[in-house]
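Peer 1: Mind having a look at this structure? Questions to follow.
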Amino acid sequence: MAREEMVLTTGTEDTPVVAPKKKTDWASELRGILWLVLAVLGFHTFIAKPFYIPSESMLPGLLVGDQLVVTKYPYGYSYISPTFHVLPFIKGRLFGRIPERGDVVIISPPGKNEDYIKRVIGLPGDRLEVRDGVVILNGKAVERGPIHDMAIPVDQNAQCKPSDYPGAIRPGKDGRLFCHLPIVTETLPNGRRYDTVELGPSEGDFFGPVTIPANHVFVMGDNRDRSADSRYPIEELGLGGPVPWENLGGRAEFITFSKTGEGTWNPLTWGQSFRGGRAGTSLHAQRVK
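Encoded structure:
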């Protein structure tokens, strides 16, 4: 009877021959991983990278826990463009372009291991002053709307601490707590409009006047009374005046998702980890016609 299985033989004996086990080519595997890492780093350097909001300086538009996409190419490339900022200081930008008023930008201050996110208010050549909380550009006050209320849900990443926002926490109809912030809408000379938080008199309500040098921009946080920005010296964690364009890391485009900080390792709690309605929100200030 013929045998049903195929057996490799040598000589006249029906002795199975076991094919040698193929060895893992570790060199090829490592090369593949290296190319993948280089591709990701290249994408983050030249195209876009994620950015996580760690502070409340850009309230009400950006909350702690928001994850953004930041594009790297709109202003060209400088020594801080690589992901790890490993290049020495090199003056200027390749394919450089000055931001528009109202752009939300990432800034990497010299000598600091953290990035800032602020809004561009003043451009090269502008004469800028802040007087009693009102931004004055080239002798004309930036248009400000009336103070109105905005309610932001309170969660682990948006705690609305009484020490920072006295009396702001109030319950909603369903019993959930909300942080009620006084909002003023600003409109820049180019028609870009956005909301700012107005908490009353503060140290940053008076600044300047200063003339912004060539290839510099003046930036401010939307949470005007709780933002370390161009109005404050470096010793006070500010940016020390207008920012050189070499230190602009990119432009914030949109929110990909937002985390409340309340989820745990338990999958049943993962629904509490994310804020609804924020994914896809554009960070380009509305332009008024």
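For the sequence shown, this note's numbering assigns the number 10 to the initial residue and increments by one for each residue that follows.
Even for Gly, the Cβ is constructed at its ideal location relative to N, Cα and C.
With DSSP run on the structure shown, which of helix, strand or coil describes L71?
Peer 2: coil
Peer 1: Check G259 in the structure and name its three-state DSSP category.
Peer 2: Assigned with DSSP and collapsed to three states, G259 falls in strand.
Peer 1: For E212, name the three-state secondary structure that DSSP assigns.
Peer 2: helix
Peer 1: My output table needs one value for V297: the three-state DSSP class, helix, strand or coil.
Peer 2: coil
Peer 1: Beta strand (DSSP E) containing C188: first to last residue?
Peer 2: L186 to T196
Peer 1: Return the CA-CA distance between N232 and V46, expressed in angstroms with no decimal places.
Peer 2: 37 Å
Peer 1: Kindly indicate which residue of H94, F98 and R136 has the alpha-carbon position closest to the one of R122.
Peer 2: The sequence as given places Asn at residue 122; Arg does not occur at that position. Here the closest residue by C-alpha is H94.
Peer 1: Are the CB atoms of Q165 and A271 within a distance shorter than 8 Å?
Peer 2: Reading off the sequence, residue 271 comes out as Glu, not Ala. Contact flag set, yes.
Peer 1: Taking only runs of the beta strand (DSSP E) that begin and end inside the stretch 83-159, which ones reach a length of at least 3 residues, in chain order?
Peer 2: 113-116, 125-131, 136-140 and 143-146
Peer 1: Would you mind sorting L43 into buried or exposed? The rule is 16 or more other CB atoms within 10 Å of its CB.
Peer 2: exposed
Peer 1: Let me confirm a value: H225 is counted as buried when at least 16 other C-beta atoms fall within 10 Å, else exposed. Which label applies?
Peer 2: Per the 10 Å Cβ criterion, buried.
Peer 1: Which same chain residues, not among the five before or five after V113, have their C-beta less than 6 Å away from its C-beta?
Peer 2: R128, A261 and L292
Peer 1: Under a three-way DSSP split, which group does L77 fall into?
Peer 2: strand
Peer 1: Distance check for S87 and I178, CA to CA, integer angstroms please.
Peer 2: 43 Å
Peer 1: Kindly indicate the opening and closing residues of the beta strand (DSSP E) around T205.
Peer 2: R201 to V206
Peer 1: The beta strand (DSSP E) spanning R235 covers which residue range?
Peer 2: R235: not part of any beta strand (DSSP E); DSSP gives it neither H nor E.
Peer 1: Per DSSP, A48 is paired with what?
Peer 2: Answer by DSSP bridge pairing: none, since A48 is not bridged.
Peer 1: By alpha-carbon positions, which one of K81, F227, R102 and G85 ends up nearest to G134?
Peer 2: The shortest Cα separation from G134 among K81, F227, R102 and G85 belongs to F227.
Peer 1: Please state if the CB of L257 and the CB of D234 are separated by a distance shorter than 8 Å.
Peer 2: no
Peer 1: Report yes if the CB atom of D124 is closer than 8 Å to the CB atom of I115, and no otherwise.
Peer 2: yes
Peer 1: For G230, verify whether its CB is less than 7 Å away from any heavy atom of the ligand NAD.
Peer 2: The ligand content of the structure shown is nil, which means the ligand NAD is not present either.
Peer 1: If we ignore side chains and look at the alpha-carbon of each, how far apart do S172 and L71 end up?
Peer 2: 20 Å
Peer 1: In terms of alpha-carbon separation, which member of R153, D141 and F60 lies closest to R201?
Peer 2: The shortest Cα separation from R201 among R153, D141 and F60 belongs to R153.
Peer 1: Note down, in chain order, each residue of its chain lying with its Cβ closer than 8 Å to the Cβ of Q295, except the 5 sequence neighbours on either side.
Peer 2: R201, R202 and Y203
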